[in-house]
Structure formats: structure tokens, C-alpha cells
Amino acid sequence: MNADQARSVLRTMWRIRAFEERVGRLKRSDEVHGLIHLSIGGEGVAAAVCGQLRDNDVVYSGHRAHGHVLAKGAPMPETMAELMGREGGLCRGMGGSMHLVDVAHGMLGATGVVGGTVPAALGSALAARMRGEDTVSVVFFGDGAVQAGTFAESVNLAALWRLPVVLVCENNGFAEFSPRSAHTPVERVSDLVAPWGIPAATVDGNDAVAVWEEFGRLLAGVRAGEGPALLEALTHRLRGHYEGDPDRYRVAVAAEEWQERDPVLRLERTGLERGWFDADEAKAVREAAHAEVEDAVAWARESPWPTPELASSLVYGS
Amino acid sequence: MRTTYAKAVGRALAEAMRADERVLVIGEDVSAGGPFTITSGLVEEFGVDRVRDTPISEAAITGIATGAAQSGLRPVLEIMYIDFLTLALDQLVNTAAKARFMSGGQLSVPMVLRTQGGAGQRAGAQHSQSLESWLCHVPGLKVVMPSRAVDAAGLLAGAIADPDPVVVVENKTLYFRTEEVPDAVAPAPIGRAAVLRPGRDVTVVALSRMVHEALAAADELAREGIEVEVIDPRTLVPLDLDTITDSVARTNHLVVAHEAVGAGGFGAEVAAAAGHAAFDDLDAPVERVAAPFQPIPVSPGLEDAYLPGAADVRAAVLAVLNRSAP
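Read top to bottom, the protein sequences are chains A and B. Residues 239 to 556 in the working numbering are what the first sequence spells out, letter by letter. Residues 38 to 363 in the working numbering are what the second sequence spells out, letter by letter.
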């Protein structure tokens, strides 16, 4: 990672952090709707992965998708408007938090069904390969999705067909309300793909620099046509499973300890130490992110509500 | 030309693949032709990339076809038996069917899912079902169910050209019937019923194999002076209700016949929709012909008794006429 890349990743991380914190408040005031899953604490993975992709590389995500969507390049006002159910939203208010799509920036799907987008990412990779393109597919999913049948089926098919897809597991140690140990005796997701010969690595997801380097290494192989790869990023979900989750099942991380681990603050410290940016620049990035979110909220609030006629017109293409 | 339903489907696939390089066939054993020889010969012409064998992973291959369609291909996915569609329903129902709607129209899934159902081959309760009504309950899917070779080819071509996910439900007992099919089959419009036999006394709306049973019953009833009009909806979603109600306006009697069990079956939808739209035209309640509400038995005598056929259609026609007799 160089200074330009670090500044870009830091900017993306602050944009996600500011967005997610604001969405959490908007949920409490009932301005965003439905089941809201925040990625606070996981910004480093989204930013360091999507920061190395092209617009025409494809990304799929799961139910905790806001960060991936923003990192892939979706405009923040339209993303916010989508969470608010407005017609100006990315999906004209038809998708909401768990179903964000932004085709213009290669964000082709998020899902409320755990593990549901993993095969679709393989399908997009197959389409790219059959056209002779060197674009790749990336699919983000949590460690809970690894126990779903589609994951095993997809790993096998991706390896069998040597598809240009990177499987990115954000392992936050919890599948909904249950710790990983309650669901599987396998500790490391990256261990699961060895029999298929898929290159895999586990990385500290709180360290955006480490994610950048490890993902970049795997991405190069996938783009060169060497077949799929898997990156497991160990993250921490600072919030409950969804906004409103009483979250009584986890041991809270002490505030001081989190200050050490917080991926945004950590990249700031690293950047200052290495001279990638100075404190004023970091502060400016942070403030710009918060201002951008306020602008996005104001824009989204002005967006009209979608009509039933619009909804019924979007079921079929002909 | 004289050909079979199976060969007509295979020929339609080959023509679509020749016309459009985005079309590919995906499924279990497709390069070998599958258990019913439908895709035989395709791999020799189009190669293993476009006639793509898969492992027995129905969920993943349905998701792969969905993603490939979203990214510009025109996959024709084969799920070998409709009974195995159970394994693929999450991808079909939660992803493919809703992609256009949930993305606000950004995505489309021009994918065809071919499968086949139906009993009659002693294949048992897990290889013989008629599950089409499940699919008709999902907004975003189109469902076609051809009964004749010409429609199997024409509707498949129409489905491949369609911008939405279309499920084509074929019937295993129809595959090897020999029928007359034009040398060049035009794509059939999705959503248009066919009146296969005109008649003035009773309208019979029949699906898939039951179309042939209804035609046989109509021949027999004609000898007794009862003229039955047989309608094949061909497309279940969207349903061509107008053709049905136009017929009922003339016959004043309606029978609906399918091989699926009656409860929650597609016949209930036709009966309710036609009963509402054509209430003033009906002289008697709609009669339904369907299978009993039980899993499909293997034992020959039991399966034969289980399957609805021409005799059941004939009985329903007579019942609906008796009911309205002055």
C-alpha cells in the first residue's frame, strides 16, 4: 500500500463509518426501514478489497452490505435514499438495506438469505470468462454462510471450472446470535478449501493494510486466470446482529481495547507513522465524510416516495 | 415432419444456440443427453463450454445460471426432475424471480429453467410429481407447460428470447410421442392459450399430459353427441384468462384437468379466476380433475389408479352437465 492508496482507503473507511453511525440513528428515529445490519468495525475489509477492483469487476454481498456498496463506488445520497425507501434510491426504493444493487459500479446483488449470493458470483465470473474478459467476481459473506450448502457446492464448482472469483469471508465470530463454536468445530474458514487446491489466507480484518496486501496477492492470481481464491478476514462486529438486537450473547469489548483494534483509527495511526498523510489531512477526511453523510440525508429526505404503479411495473420486463 | 417432443426440444435448443452465442445449456449429464436424450448431440456441435455438465448441486447451478444471466448470458438450465427443484427453490424464488424488482429494474434474469414432471413410469413419489403450482405463486417467474411437441419447441424459443426467468415444465410421458411438427417452428408467444378442439357444450382447460386425455375424452363424448372444447393454456403465468372466459361464454360449463393433486393446484386458480370473471355465464360449478391427495405410489396397479385420465375427464364433463340439467 502506498500513500495514495492509504488516503483513498482511509477516506472510504470514514465514509462507511460515518454512514453507518448515521444510519443507526436514523433507524432509531424510524427514517430507515426494515432489518438494518451495520458493518461498523468491518470497514477495513470493504475498503481494502473494493479499493483494488475496477468498475466492471463484479461484487456481490450478503445482508451486511452497506460498506461494500459504498466502497464499490455507489453514490452515497442514492444509497441513503434506498435505505429510506425513496424513489431516488439506488433501486428506486424497491430493495432496501438488504438488497442493494448498483449495476453502474458493478454491485450486482446483496441478499437477505445467508449464503444466497455465492453461486450468483460464480455465474457472473462464468459470463466474464466465456466472453474472454479478465474481470473478476468478488463475493462477501459472513462466517455463518460457510455452513450453508450453497457454499460447499460453490467452492467445488469454482475450483472445478477455475472461475475468476474471490470468496471473501468476513469472519466476525458470530452467526446471527451464536458463536462460531456453536455451529462448527472448524475454526478457520481458510482451512476448508484446501482439498480443492484453492489459494486461501486468513488475515486480521482490523488491519486494512494487511487486508490490502493479502487480497491484492490473491486478486492478481485470480485475474491472471489461475482460478478462484478465498480470503478470510477476522473482524469484529461492534453492533448487534441487526439494529435493535438486544445483543446479550456477546462479551462487550472494552472501550480502550477497541480503540486499539478499531480499523479506522488503526489505519490513521499507521498512516501517520509512515508519513502517508498528516493529522490535518486525516482530520479533513473524517470531517468531509461526516459532511457528505449529512448532505446525503438531506438529499434523501427530499426524494419522493415510490408509487404502487412503479412497484407493479418492475415485476416483469415484458 | 414427424418427430418426437424430445427431439423437438433438442432441435429448439440447437437453433437457439446457433442463433445466439450467449445461449448455453447447463445441467447434470447434459453433454450425454440426460436420461431422456433431450440434449443429445449438442456437445458435438457446441462444445463443453456451452453444453456444460454440472455436479449434482441444484442450488448452486441455479444460482450460477442466475448470475450468468444477470451478467449477459442466456443460460438454459436443466433440472433433471421437477422433484429436485426443491433443492433449487431458494435461488429461483429469492434471487432470480426478484432480481428485477428488488434492483428497481437495473437487473434482468433472462434465464430458462427446463425441467420435467409427471407420473406413469413407476418412478415413485420422488421422481413423478407435478409441482407447477408452487412456481405459479411467485411473482417474477413465468411458467410454461407445453403439451405438444410444436409448443415444446416454440415456447422454449420464446422463453429463451424472454427477458425474465421462465420455467418450462415438460412431461416425461410425452417425450417419445410421435407428432407432426413444422420444419421451422416459430417462437410461440408466452401468455397465449391454444384452443385445440372447438366445442359448444363444455369447456375443458387441461394442462400438459391431461390435454391428450381431454382430447381423447372429447372424441368419445362427441360420439354421444356432447361437444367439448379443449383449451391448453400453454402458459400458466401469465395466464390467458380471456381465451377461457370467451369459451365459457359459449359453453356455459367449465372443467379444469391436471395431474397435480387438487388442493392448492393450478386448477383452483383457473376455477377461481374464471368463476369470478365468467360467473354470469356459468350454469354449474366448475369441476376439477386432479390426482388424489397422497404421494405417488410405485406399485403398477396403485399408480394406474392414482393417475387421472380420460375417464376422469369424461366423468367430470358429464357431472358438470348433469348439475345444470333443468
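Backbone N, C-alpha and C define an ideal beta-carbon position, used for all residues, glycine too.
Output yes if chain A places a C-beta closer than 8 Å to the C-beta of residue i; else output no.
{"i": "B/T76", "result": "no"}
{"i": "B/M54", "result": "no"}
{"i": "B/F138", "result": "yes"}
{"i": "B/Y176", "result": "In the sequence as presented, Tyr is not what sits at residue 176 of chain B; that position holds Pro. So yes, B/P176 belongs to the interface."}
{"i": "B/D120", "result": "no"}
{"i": "B/S184", "result": "no"}
{"i": "B/P270", "result": "no"}
{"i": "B/D127", "result": "yes"}
{"i": "B/D349", "result": "no"}
{"i": "B/S94", "result": "yes"}
{"i": "B/A310", "result": "no"}
{"i": "B/L69", "result": "The sequence given here has Ala at residue 69 of chain B, not Leu. By this cut-off, B/A69 is not an interface position."}
Measuring only from the beta carbon, is residue i closer than 7 Å to any heavy atom that is part of the ligand MN?
{"i": "A/I274", "result": "The ligand content of the structure shown is nil, which means the ligand MN is not present either."}
Could you check whether the Cβ of residue i sits closer than 8 Å to any Cβ belonging to chain B?
{"i": "A/V427", "result": "no"}
{"i": "A/E391", "result": "yes"}
{"i": "A/Y554", "result": "yes"}
{"i": "A/P357", "result": "yes"}
{"i": "A/G361", "result": "yes"}
{"i": "A/V351", "result": "yes"}
{"i": "A/V341", "result": "yes"}
{"i": "A/A365", "result": "yes"}
{"i": "A/L346", "result": "yes"}
{"i": "A/M239", "result": "no"}
{"i": "A/G354", "result": "yes"}
{"i": "A/H271", "result": "no"}
{"i": "A/H275", "result": "no"}
{"i": "A/M368", "result": "yes"}
Roughly how many angstroms lie between the CA atoms of residue i and residue j, to the nearest whole one?
{"i": "A/V261", "j": "A/F515", "result": "28 Å"}
{"i": "A/A538", "j": "A/E258", "result": "15 Å"}
{"i": "B/Q163", "j": "B/A328", "result": "16 Å"}
{"i": "B/A356", "j": "B/D188", "result": "31 Å"}
{"i": "B/H295", "j": "B/I63", "result": "29 Å"}
{"i": "B/A49", "j": "B/A190", "result": "5 Å"}
{"i": "A/H343", "j": "A/A312", "result": "6 Å"}
{"i": "B/A221", "j": "B/S77", "result": "20 Å"}
{"i": "A/A208", "j": "B/I75", "result": "Nothing can be reported for residue 208 of chain A: it is not among the residues displayed for chain A, which extend from 239 to 556."}
{"i": "B/Y212", "j": "B/M38", "result": "16 Å"}
{"i": "A/V460", "j": "B/A310", "result": "53 Å"}
{"i": "A/E391", "j": "B/Q128", "result": "13 Å"}
{"i": "A/A309", "j": "B/V241", "result": "57 Å"}
{"i": "A/G435", "j": "A/T422", "result": "22 Å"}
{"i": "A/L248", "j": "A/A363", "result": "29 Å"}
{"i": "B/G104", "j": "A/R245", "result": "33 Å"}
{"i": "B/A254", "j": "B/Y343", "result": "18 Å"}
{"i": "B/C173", "j": "A/W496", "result": "51 Å"}
Considering Cα atoms alone, identify which of the options is closest to residue i.
{"i": "B/G195", "options": "B/Q331, B/G177, B/G346 and B/T272", "result": "B/T272"}
{"i": "B/G154", "options": "B/V88, B/M182, B/G141 and B/V146", "result": "B/M182"}
{"i": "A/P417", "options": "A/G382, A/G323, A/E391 and A/P437", "result": "A/G382"}
{"i": "B/R151", "options": "B/M247, B/L126, B/A230 and B/L193", "result": "B/L193"}
{"i": "B/H313", "options": "B/P334, B/D279 and B/G301", "result": "B/D279"}
{"i": "B/F316", "options": "B/E115, B/T91, B/N359 and B/T282", "result": "B/T282"}
{"i": "A/V502", "options": "A/G380, A/I278 and A/M318", "result": "A/I278"}
{"i": "B/E82", "options": "B/I98, B/S94, B/S170 and B/E52", "result": "B/E52"}
{"i": "A/A549", "options": "A/M332, A/L291 and A/V393", "result": "A/M332"}
{"i": "B/R214", "options": "B/A186, B/S167, B/M247 and B/L319", "result": "B/A186"}
{"i": "B/D269", "options": "B/S108, B/G228 and B/E261", "result": "B/G228"}
{"i": "B/M117", "options": "B/A259, B/E264, B/A69 and B/G84", "result": "B/A69"}
{"i": "A/P357", "options": "A/P315, A/G327 and A/Y298", "result": "A/Y298"}
{"i": "A/A520", "options": "A/E530, A/A420 and A/E506", "result": "A/E506"}
{"i": "B/S336", "options": "B/Q158, B/Q143 and B/V203", "result": "B/Q158"}
{"i": "B/P72", "options": "B/Q331, B/D199, B/A255 and B/E115", "result": "B/E115"}
Run through the DSSP bridge pairs and tell me what residue i is partnered with.
{"i": "A/V270", "result": "Partner(s): none; A/V270 has no beta bridge."}
{"i": "B/P226", "result": "BP columns for B/P226 are empty, so no partner."}
{"i": "A/E530", "result": "DSSP lists no partner for A/E530."}
{"i": "B/K179", "result": "B/V203"}
{"i": "A/Y298", "result": "A/G347 and A/V377"}
{"i": "A/E408", "result": "A/G380 and A/A471"}
{"i": "B/I116", "result": "B/T152"}
Along chain E, in chain order, which residues have C-beta atoms closer than 8 Å to that of residue i?
{"i": "B/S145", "result": "No chain E appears in the structure shown, which is made up of the protein chains A and B."}
Where the region 191-221 of chain B meets chain A: residues whose CB sits under 7 Å from a CB there:
Within the region 191-221 of chain B, the residues whose Cβ lies closer than 7 Å to some Cβ of chain A are D199, P200 and D201, listed in chain order.
Against chain B, which members of the region 302-333 of chain A pass a CB distance test of less than 8 Å?
Of all residues in the region 302-333 of chain A, only G327, L328, C329, R330, G331, M332 and G333 come within less than 8 Å of chain B when Cβ atoms are compared, listed by chain position.
Near-chain A residues of the region 99-111 of chain B (beta-carbon distance less than 8 Å), N- to C-terminal order
Correct list: T99, G100, I101, A102, T103, G104, A105, A106, Q107, S108, G109 and L110.
Tell me which residues of the region 286-297 of chain A have at least one Cβ-Cβ distance to chain B shorter than 9 Å, keeping chain order.
Against chain B - using a Cβ distance shorter than 9 Å - the residues of the region 286-297 of chain A are V296.
What are the residues of the region 370-397 of chain A that lie near chain B, defined by any Cβ-Cβ distance shorter than 7 Å?
Considering only beta carbons, the part of the region 370-397 of chain A lying closer than 7 Å to chain B consists of G387, T388, E391, S392, N394 and L395, in chain order.
Given a limit of 7 Å on CB to CB distance, which residues of the region 260-286 of chain B reach chain A?
Answer in chain order: no residues at all.
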